[in-house]
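A.B. asks: Following this message is one structure expressed as structure tokens.
There are 2 protein chains.
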Amino acid sequence: MNYSDYFNFEVVKNSNKSNARAGIFKTPHGIIETPIFMPVGTNSAVKMMTNEQVLNCGAQIILANSYHMYLRAGTERVKKAGGLHGWMNFHKPILTDSGGFQVFSLSKLRKITPEGIYFQDPKNGSKHFISPEISMKIQEDLGADIIMAFDECSPYPCDYKQAKKALDTTNMWLERCFEAHKNYNQALFPIVQGAFFDDLRIESAKFVSQFDTPGYAIGGVSVGEPTDIKNHITEITAPLLPFNKPRYLMGVGTPVDLINGIKYGVDMFDCVLPTRNARHGTFFTYEGNKIIKNKCFEDDFTPLEEKCNCYTCRNHTKAYIRHLYKTQEATAATLLSIHNIHFLLNLVKDLRNSIMEGNFEEYSNRLIEGFKINS
Amino acid sequence: MNYSDYFNFEVVKNSNKSNARAGIFKTPHGIIETPIFMPVGTNSAVKMMTNEQVLNCGAQIILANSYHMYLRAGTERVKKAGGLHGWMNFHKPILTDSGGFQVFSLSKLRKITPEGIYFQDPKNGSKHFISPEISMKIQEDLGADIIMAFDECSPYPCDYKQAKKALDTTNMWLERCFEAHKNYNQALFPIVQGAFFDDLRIESAKFVSQFDTPGYAIGGVSVGEPTDIKNHITEITAPLLPFNKPRYLMGVGTPVDLINGIKYGVDMFDCVLPTRNARHGTFFTYEGNKIIKNKCFEDDFTPLEEKCNCYTCRNHTKAYIRHLYKTQEATAATLLSIHNIHFLLNLVKDLRNSIMEGNFEEYSNRLIEGFKINS
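Protein sequence lines, in the order shown, are assigned to chains A and B. Just so you know, the first sequence maps onto residues 0 to 374 in numbering that gives the first Met the number 0. Just so you know, the second sequence maps onto residues 0 to 374 in numbering that gives the first Met the number 0.
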């Protein structure tokens, strides 16, 4: 057995004016049409939503966080339920991160060693250790279609020496991840690091490309850096990754970030933004982000976005959702989450169609002009 | 025009061993098969749920609170949206209460006069006045199929003199409500009051029965009194109301309360309990209430209730929902709300079937034995 029994990626169309491409990614739980956005289900549920609602938004793949599943649900328990697919009763592709980013973010509660990361659970002080091998074991128990390498993410800003050291650790850990991981029905994606230094990013992209695996990720962006730096790093990194494999830009992003990522040759995205924004009353439109509690929506009996076909926009008005939001009805956050998730999924679908039709650049430039109206 | 153009109620079967009956209630927005439970959408949304989820639970009619709609949404705004049906985009029957109970509950912030009730909004101190006439106007703007008389509810406990005085006010206000209300496409239900005094309840039931209207309600129960007192008052009051009209027991209740109410001849119920319980992690089963966070459910890969066919029970396990609840994922409250609402709707449907088949008493006694297991 090898990966090709379970995974296959094909670029079905690529732009001749940019690196944008449309692909088909075959996984054990189904086909993903790329470029794709992956809704995040941190604790094995997309916040405020049921699986049915997530699927009705057009989700083809979702993400769950290993760190939260390990500490809060218990990976043994999830394994007993048949892995995340059985546990959640979600039978489309699932991706898990390695837990590295969450553990790294604990700053004061963790210690990075060459062996792995020692950390304390911020909720109860219990002590834990995750190494590349343990991360692989956790992710094997969780059973997602796509699993991520255990890496060390650099903060922003960060000096060269620190970034280089983190990259060396990441590379060493990557070899151990591939050594430990033997399930060919779970695709192990290595992660490009190297902070915001071009040469480190190039070194890292070359390093991860040596591994023959079903896909590759770009990590360490969306950690607080300005947009132009994020774009630059994505632009130089993505094309260095194997052309015939999907490229995943981790933790991105906004509608404009997705457009830029696609232009640079990225195929997969995830971000908590659509659901987090929804809980805070912000919704996506083709004229940029809008805030539901604004007084101008008090008597607005039109949908959140006229051109949207989501459950929320087919059924409810801004005036109604605003009232629910102002009276702290959780249904408001659900309705806004449905809209925001649907919006991003529909955006990448439309962008994919424009790639297929050969007019991605014109179409996406027009969208970006619209998004600027409210920014 | 008169009420019979819009409303009709028919008792299609009544038990010969109790006052239980099955009926069909025709309203402007559709047929309601009684006995029925009405989910409560305080702020014009059932808490934690979308309309789609409420309808998929089998809801035939829902309730919204005039008090909250008046203070928070603005009744003019709702009217502009086409009344509650347009505002919510919910096109089955809707019932609004009069606001009387909520205003009455403000205790220190309200003053009852023969003219009406002066009160302050507890959120911002703004001053308001609701009279029978104003309540009718509010409810006409909201446009529900069934609207409720503006009454004075007595607390529990309450002395005879106080109860008698409140009843006299209620009766006087009832005449003013009927005087003010002229929309025959909105059925005005009078409310029996009289606290927990048999003679006052009898007097009140006789008084309200004089009005020829599509239905009648029993109010002033579920205000903190012991169950046997609630049952006694329901038992003596319900049969005094016109046989050929639906009887609505306000603010009730638990699965056992519904069974008892039906036995005494009640046709309609509403209560915030199923959704409130859900938010606090309690779910209904045929063995009584259970608490999702209990450790015994940690590895329980069975549905909340084996005999339940709701979305939650068809798709998820106790172990999964417990994990979501413990990690404070709102999706847990949604899944539990769906289950609890479906449970009560399915319960009244099964009880209706047992009435039709002539075995309500045996069937409901068996259910009550089951509910005792966890009580």
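Yeah, the Cβ is synthetic: ideal placement off N, Cα and C, and Gly gets one too.
If you reduce the DSSP assignment to three classes, tell me which class Gln-101(B) lands in.
C.D. replies: DSSP places Gln-101(B) in helix when its eight states are reduced to three.
A.B. asks: Looking at chain B, is there any beta carbon in it that lies within less than 9 angstroms of the beta carbon of Asn-308(A)?
C.D. replies: No, no contact with chain B.
A.B. asks: Looking at C-beta atoms only, is the number of pairs between the stretch 244-252 of chain A and the stretch 215-232 of chain A that lie closer than 8 angstroms three or more?
C.D. replies: Touching, yes.
A.B. asks: For Ala-277(A), return the contacting residues in chain B, with the cut-off set at a CB-CB distance below 8 angstroms.
C.D. replies: Chain B residues near Ala-277(A): none, gap ~11 angstroms exceeds 8 angstroms.
A.B. asks: Closest to Lys-16(A) by C-alpha separation, out of Asn-364(A), Asn-339(A), Glu-360(A), would be which residue?
C.D. replies: Answer by Cα proximity: Glu-360(A).
A.B. asks: Could you say which of Asp-197(A), Asn-339(A), Gly-99(A) lies nearest to Pro-38(A) if we only look at CA atoms?
C.D. replies: Here the closest residue by C-alpha is Asn-339(A).
A.B. asks: Mark Glu-178(B) as exposed unless 16 or more other C-beta atoms lie within 10 angstroms of its C-beta, in which case mark it buried.
C.D. replies: Its Cβ having fewer than 16 others within 10 Å, Glu-178(B) is exposed.
A.B. asks: Do three or more CB pairs link the stretch 60-69 of chain A to the stretch 204-218 of chain A at distances below 8 angstroms?
C.D. replies: Result no; under three Cβ-Cβ pairs closer than 8 angstroms.
A.B. asks: Can you tell me the Cα-Cα spacing of Leu-350(A) and Asn-276(B), whole angstroms?
C.D. replies: One C-alpha to the other measures close to 44 angstroms.
A.B. asks: Since Gly-85(A) and Lys-348(A) are thought to touch, with beta carbons under 8 angstroms apart, how far apart are those beta carbons, to the nearest angstrom?
C.D. replies: Rounded, the Cβ-Cβ distance is 28 angstroms, inconsistent with contact.
A.B. asks: Determine, using beta-carbon pairs with one atom in the stretch 187-194 of chain A and one in the stretch 146-165 of chain A, whether at least three such pairs fall under 8 angstroms.
C.D. replies: Enough Cβ pairs lie closer than 8 angstroms, so yes.
A.B. asks: Helix, strand or coil for Met-147(A), going by three-state DSSP, please let me know.
C.D. replies: If DSSP states are grouped into helix, strand and coil, Met-147(A) belongs with the strands.
A.B. asks: Quick check: what's the CA-CA separation for Asn-308(A) versus Thr-236(A)?
C.D. replies: Approximately 35 angstroms, taken between the alpha carbons.
A.B. asks: Does any CB atom of chain A fall closer than 9 angstroms to the CB of Leu-323(B)?
C.D. replies: Yes, because at least one Cβ of chain A sits closer than 9 angstroms to the Cβ of Leu-323(B).
A.B. asks: With 8 angstroms as the limit, tell me which residues of the stretch 291-302 of chain B have their beta carbon closer than that to any beta carbon of chain A; keep them in chain order.
C.D. replies: Hits within the stretch, in order: Glu-297, Asp-298, Phe-300.
A.B. asks: Let me see if you follow: with CB-CB separation under 9 angstroms, is Lys-46(B) close to chain A or not?
C.D. replies: Cβ-Cβ to chain A under 9 angstroms: yes for Lys-46(B).
A.B. asks: For a contact defined as C-beta to C-beta under 7 angstroms, what are the partners of His-315(A) on chain B?
C.D. replies: By Cβ distance, chain B contributes Asn-88.
A.B. asks: Indicate whether Leu-334(A) and Tyr-362(A) have their beta-carbon atoms separated by less than 9 angstroms.
C.D. replies: Contact: no.
A.B. asks: In this structure, how does DSSP classify Met-135(A) when only helix, strand and coil are distinguished?
C.D. replies: Correct three-state label for Met-135(A): helix.
A.B. asks: Should the stretch 79-97 of chain A be called in touch with the stretch 43-54 of chain A, which here means at least 3 C-beta pairs below 8 angstroms?
C.D. replies: Touching, yes, given that three or more Cβ pairs across the two stretches are closer than 8 angstroms.
A.B. asks: Between the beta-carbon of Asn-42(A) and the beta-carbon of His-279(B), is there less than 9 angstroms?
C.D. replies: Going by C-beta atoms, Asn-42(A) is not nearer than 9 angstroms to His-279(B).
A.B. asks: Excluding the 5 residues flanking Leu-346(B) on each side, which residues of the same chain have their C-beta closer than 7 angstroms to its C-beta?
C.D. replies: Counting only Cβ-Cβ distances below 7 angstroms, and skipping sequence neighbours, we find Pro-254, Leu-257.
A.B. asks: Kindly indicate the opening and closing residues of the alpha helix (DSSP H) around Glu-234(A).
C.D. replies: Start and end: 226-236.
A.B. asks: Could you check where the alpha helix (DSSP H) with Tyr-155(A) kicks off and where it finishes?
C.D. replies: That residue, Tyr-155(A), is in no alpha helix (DSSP H); it is neither H nor E in DSSP.
A.B. asks: Any idea which residues DSSP pairs Ala-216(B) with across the strands?
C.D. replies: Partner(s): Ile-190(B), Tyr-247(B).
A.B. asks: In chain B, what lies closer than 8 angstroms to Leu-334(A) by C-beta?
C.D. replies: Simply Thr-49.
A.B. asks: How about Tyr-66(B): is its C-beta nearer than 9 angstroms to some C-beta of chain A?
C.D. replies: No, no contact with chain A.
A.B. asks: Using 8 angstroms for Cβ pairs, my map puts Gly-260(A) next to Asn-373(A). What's the rounded Cβ distance?
C.D. replies: Not really, about 21 angstroms apart at Cβ, beyond 8 angstroms.
A.B. asks: Check whether the stretch 157-168 of chain A touches the stretch 123-135 of chain A, taking contact to mean three or more Cβ pairs, one atom from each stretch, closer than 8 angstroms.
C.D. replies: Counting Cβ pairs under 8 angstroms, fewer than three are found: no touch.
A.B. asks: Note down, in chain order, each residue of its chain lying with its Cβ closer than 7 angstroms to the Cβ of Asn-170(A), except the 5 sequence neighbours on either side.
C.D. replies: If we look at Asn-170(A) and ignore the five residues flanking it on each side, its Cβ neighbours are Phe-206.
A.B. asks: For a contact meaning CB atoms closer than 8 angstroms, what does Tyr-319(B) contact in chain A?
C.D. replies: Ordered by position in chain A, the residues that pass the 8 angstroms Cβ test against Tyr-319(B) are Ser-43, Ala-80, Trp-86, Met-87, Asn-88.
A.B. asks: Can you check DSSP and say which residues form a bridge with Thr-281(B)?
C.D. replies: In the DSSP output, where bridge partners are listed per residue, Thr-281(B) has Ile-290(B).
A.B. asks: Reducing DSSP to helix, strand and coil, say where Asn-7(A) ends up.
C.D. replies: Three-state result, Asn-7(A): strand.
A.B. asks: Hey, how far is the Cα of Gly-142(A) from the Cα of Glu-32(A)?
C.D. replies: Between Gly-142(A) and Glu-32(A), the C-alpha separation is close to 21 angstroms.
A.B. asks: When the distance is taken between beta carbons, is Ile-320(B) closer than 9 angstroms to Ile-290(B)?
C.D. replies: It is not a contact, given that the beta carbons lie outside the stated cut-off.
A.B. asks: Quick check on the burial criterion: 16 or more other C-beta atoms within 10 angstroms. Buried or exposed for Asn-352(A)?
C.D. replies: Classification of Asn-352(A): exposed, given that the 10 Å Cβ count is below 16.
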